[in-house]
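A.B. asks:
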Amino acid sequence: MELGQQAQLRAEEAARIYAEIAERAFFKHTLDELRKVVGTKAAAVLVFRIVKTSMREAVEEVLPRGMVRDPLDAMMLCYKLFAAAGFPFEVEVVSDNTFRVAKCPHYRFTGRDPVACVACAATKAGALEALTGRSVAVVLEDGTRLGPRDAEIVVRRLTHMPSGDKYCTFKLELPREAGSKGEG
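Residue numbers (our numbering): 1 to 184.
#1: Span of the beta strand (DSSP E) holding Ser-95?
#2: By the three-class DSSP mapping on this structure, what secondary structure does Arg-100 have?
#3: Please list, in chain order, all residues of the same chain as Ala-14 whose beta carbon is under 8 angstroms from its beta carbon, the five residues on each side excluded.
#4: Work out the CA separation of Val-136 and Leu-158 for me, nearest whole Å.
#5: Quick check on DSSP: helix, strand or coil for Thr-132?
#6: Quick check: the Cα distance between Ala-116 and Thr-144, rounded to an integer number of angstroms?
#7: Using 10 angstroms around the beta-carbon of Ile-153, count the other beta-carbons present and answer buried if the total reaches 16, otherwise exposed.
#8: Over what stretch of residues does the alpha helix (DSSP H) that includes Thr-40 continue unbroken?
#9: Are the Cβ atoms of Pro-88 and Ser-163 separated by less than 8 angstroms?
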């Protein structure tokens, strides 16, 4: 492809290509290397911390103000961003604080890799931290806790497609007085 042809890429197409490259780099190659160097559990902790911080910063500094208005918006932000880039998702709100995902844009990369799916939970935690100004932890379906022990908000992953479940199900546990600190 010549330089002139490169300039003709539409912004949407370029964003989709970049997302594809980033997904492959992260979910295929980085995770494999992390597991080799530090082991599976440490890789999961590192992925959680890195992705949570990245999402929190993106919500605070990059996303248009007001894009994340409430906790449910924060929980679904990663899916909405992927859908905008051409990777659709299917979600069903089961109750006020619980939803399940039947079609996940991450799943085509993560497959049956539970460590890779920690990144999805971390995006929820990061967006919630940015929205509420409170600490957030994630508890996986096997009881593994990622994030601060004394977190004020907890996201529970109840079911998980890479483990063979039909859906990924998430439940948000907010303190009674928790709410938005304003614009996202």
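Every residue gets a Cβ at the ideal spot worked out from N, C-alpha and C, and that includes glycine.
C.D. replies: From the atom records:
#1: Start at 1 with the first residue of the sequence shown, and residue 95 comes out as number 95. Element bounds for Ser-95: 90-95.
#2: As a working note, residue 100 is residue 100 in the sequence shown. In this structure, DSSP gives Arg-100 an extended state, which the three-state scheme calls strand.
#3: Taking the sequence shown and counting its residues from 1, the one referred to as residue 14 is at position 14. So no residue of the chain qualifies.
#4: Start at 1 with the first residue of the sequence shown, and residue 158 comes out as number 158. Start at 1 with the first residue of the sequence shown, and residue 136 comes out as number 136. Using only the alpha carbons, I get a separation of about 16 angstroms.
#5: Taking the first residue of the sequence shown as position 1, residue 132 is located at position 132. In this structure, DSSP gives Thr-132 a helical state, which the three-state scheme calls helix.
#6: Start at 1 with the first residue of the sequence shown, and residue 116 comes out as number 116. Start at 1 with the first residue of the sequence shown, and residue 144 comes out as number 144. Cα to Cα, Ala-116 sits roughly 15 angstroms from Thr-144.
#7: Position 153 of the sequence shown, counting from 1, holds the residue named residue 153. By the neighbour-count rule (16 or more Cβ atoms within 10 Å), Ile-153 is buried.
#8: Working through the sequence shown from its first residue, we reach residue 40 at position 40. For Thr-40, the enclosing alpha helix (DSSP H) begins and ends at 40-61.
#9: Against the sequence shown, residue 88 aligns to sequence position 88. Against the sequence shown, residue 163 aligns to sequence position 163. Their beta carbons are not under 8 angstroms apart, which means Pro-88 does not touch Ser-163 by this criterion.
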